[in-house]
Amino acid sequence: MANEATIQKKGTHYAWWVMIGYGMLMCATIGAVTVMGGLFYYPVCDELGFNFSTFTFYVTLSMIFMALGMPVCGKILSSGKLKLSALLTIAVLLILVPFACMSLFTELWMWYVAAVPIGLGLSACSTVTAAPTLSNWFHKKTGFAIGMIFTIQSIFVAIASPIFTGIIESVGWRMSYVILAAVAAIISLPFTIFVIRYRPEDKGLLPYGFDSNATTEEVEAGANAGVSFKDAIKSVPFIMCMVIVMLSMATSNMNVMFPTYAEVVGLGAIVGGLMVTVASLADIALNPVIGATADKLGATKSMVIWAGITMVSFGILYFSAESPVLAFIGAGVNDAMYALCGVGLATYAMALFGKKDYERIFSFVMMGGYLVAAFGVPFLMGIYEFTGSFQNVFLVCIGIDLLIIVCTIIGDKTSKKLPRTTGTVDEA
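So in the working numbering, the last one in the sequence shown is 479, and the numbering has no gaps at all.
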């Protein structure tokens with residue numbers, strides 16, 4: 052029978068509370084600060100006279116520092132020198148304190164300075180910590196659990212965005228920064244402090260879905276099984292993973308461009324806005340579905356299938372210039388790539404390298420992806436401006452999706468040759 056750690060036999064397994072906690076953390080950080088932060092762009096620029104491009108550069112800076120902070124978070128997590136609850140609590144404060152202080156800002160450089168701690172905090176409140184944590188807690192349904200945290204975030208954004216649009220109009224953007232930061236703190240800090248734990252053993256439990264006859268030693272052996280960091284970073288699968296993340300991150304920004312696309316082709320601003328809404332609603336369903344697909348069919352097959360579906364979405368968008376219905380369908384299906392950037396990539400990397408040094412390996416993989424994502428929209432807009440047609444943007448994205456599929460298959464095939472060991476995490 053299980054030694055020290057035990058199977059939770061009654062009530063809701065604690066793993067589901069960890070999942071909910073991470074979902075609320077995502078709501079308060081990536082959802083509130085990154086996504087809903089866009090609600091402040093117009094009122095801030097209108098009052099202070101900033102250009103949109105120069106003001107929103109702080110978002111690019113935050114993504115760059117988020118990327119740079121990911122390997123640091125991965126190493127902290129794998130070393131065990133700082134408890135996950137402490138790491139996430141510090142990260143939330145690094146994000147929300149500067150965000151609240153934006154209510155006092157008057158100069159552009161202030162937002163640029165605030166982007167540094169915000170980006171570093173966001174690096175900890177991402178799949179770099181969420182994926183390994185949920186993998187520890189869920190022996191079964193890992194992909195579904197990872198997908199659900201993004202679904203929780205999407206539901207929050209869908210509900211809170213119109214509410215805070217009204218709040219900004221009522222009390223102004225300065226007070227709204229403080230209110231949103233306070234709400235984010237209230238919904239996240241109780242979970243980071245009291246609920247989220249890195250491993251089930253920290254609560255004296257075994258993972259959800261684990262064999263009731265398993266021992267603690269067997270659980271630990273499973274957690275330490277996989278490819279070492281040293282072997283991973285010089286391997287073909289690691290390179291393939293990096294390329295996949297960069298390519299998928301570049302095309303996942305398409306929903307930001309839908310309003311521009313709709314205006315350019317004559318569908319109008321209303322259709323463009325509704326395309327974004329449809330994509331957001333699709334995101335609520337697609338994240339757990341993609342996660343469940345990875346659980347059922349395996350991460351590699353899931354990546355190939357959903358990247359193929361994304362190719363179909365670009366084909367629909369290609370012919371949507373005169374059809375709002377096709378535009379809405381294409382926008383909704385296209386959100387599959389955005390979902391793949393979360394749950395899809397997390398489960399795929401885990402399938403390739405195992406759990407042994409997953410935190411450090413995945414953090415380096417995602418660092419490259421976010422550095423590319425920071426320039427994804429300018430890249431796609433550059434194609435449109437150079438060629439004069441959004442259809443060419445869609446064709447390029449179809450080619451990128453095809454390349455993602457090829458790299459996914461190569462990464463999976465070559466990963467089978469990697470040396471896999473069990474034991475403690477590398478110190479180097």
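Quick reminder that beta carbons are idealized off the backbone N, C-alpha and C, glycines included.
M87: not part of any alpha helix (DSSP H); DSSP gives it neither H nor E. The shortest C-alpha to C-alpha distance from L337 to any of A181, I197, W162 is the one to I197. The DSSP-derived three-state label of G62 is coil. Cβ atoms of G72 and I237 stay farther apart than 8 Å, at about 14 Å. Excluding its 5 nearest sequence neighbours in each direction, F201 has C-beta neighbours in its own chain below 6 Å: N338, G393, listed in chain order.
By the Cβ test, the region 452 to 470 is in contact with the region 287 to 298, since at least three Cβ pairs between them sit closer than 8 Å. Sequence-distant partners of F370 (beyond 5 residues in either direction) whose C-beta falls short of 8 Å from its own C-beta, in its chain, are L377. Excluding sequence positions up to five before and after I341, its CB lies within less than 8 Å of the CB of G194, G198, S353, W357, A387, A390, L391, V394, G395, all in the same chain and listed in chain order. Excluding its 5 nearest sequence neighbours in each direction, P122 has C-beta neighbours in its own chain below 8 Å: R411, S414, F415, M418, listed in chain order. In this structure, Y249 places its C-beta atom within 9 Å of the C-beta atom of N187. Per DSSP, reduced to three states, the secondary structure at F189 is strand. For Y421, the secondary structure class from DSSP, reduced to helix, strand or coil, is helix. Judged by pairs of C-beta atoms under 8 Å, the region 137 to 146 touches the region 74 to 83, as three or more such pairs exist. The beta carbon of L133 sits closer than 6 Å to the beta carbons of I127 from its chain, once the five residues preceding and following it are set aside; these are given in chain order.
In this structure, the alpha-carbon of I434 lies about 29 Å from that of W162. Counting other Cβ atoms within 10 Å of its Cβ, D346 reaches 16 or more and is therefore classed as buried. Around the beta carbon of T344, 16 or more other beta carbons sit within 10 angstroms, so the residue counts as buried. Counting C-beta atoms within 10 angstroms of its own C-beta, I214 has fewer than 16 neighbours from the protein chains shown and is therefore classed as exposed. Between the alpha carbons of V69 and L139 lies a distance of about 13 Å. Shown here, G277 sits in a strand according to DSSP, grouped into three states. In this chain, the alpha helix (DSSP H) harbouring K347 covers 320 to 348.
Here DSSP, grouped into helix, strand and coil, assigns T80 to helix.
DSSP, reduced to helix, strand and coil, places Y259 within a strand of the structure shown.
Between T157 and L99 a beta carbon distance of about 7 Å is seen, short of the 8 Å cut, so the two are scored as contacting.
Taking all protein chains shown into account, L256 has 16 or more neighbouring C-beta atoms within 10 Å of its C-beta and is therefore buried. Restricting attention to A372, A397, T328, V447, the CA atom closest to the CA of T361 is found in V447.
With respect to the 9 Å criterion, Y259 and W67 are classified as neighbours on the basis of their beta carbons.
Secondary-structure assignment with DSSP links G405 through a beta bridge to G277. The beta carbon of V355 lies closer than 8 Å to those of I456, T459, I460 in the same chain, with the five residues before and after it left out. Distance from the CA atom of L332 to the CA atom of G223, rounded to whole angstroms, is 28 Å. V167: member of the alpha helix (DSSP H) spanning 159 to 175, first to last residue. The straight-line gap separating the alpha-carbon atoms of P168 and G88 is approximately 15 Å. The C-beta of M226 has fewer than 16 other C-beta atoms within 10 Å across all chains shown, which makes the residue exposed. Cβ contact annotation for I451 (same chain, cutoff 6 Å, sequence separation greater than five): L298, T302, in chain order. The secondary-structure analysis by DSSP pairs T216 with nothing; it has no beta-bridge partner. Annotated as distal: L318 and P241, with beta-carbon spacing of 9 Å or more.
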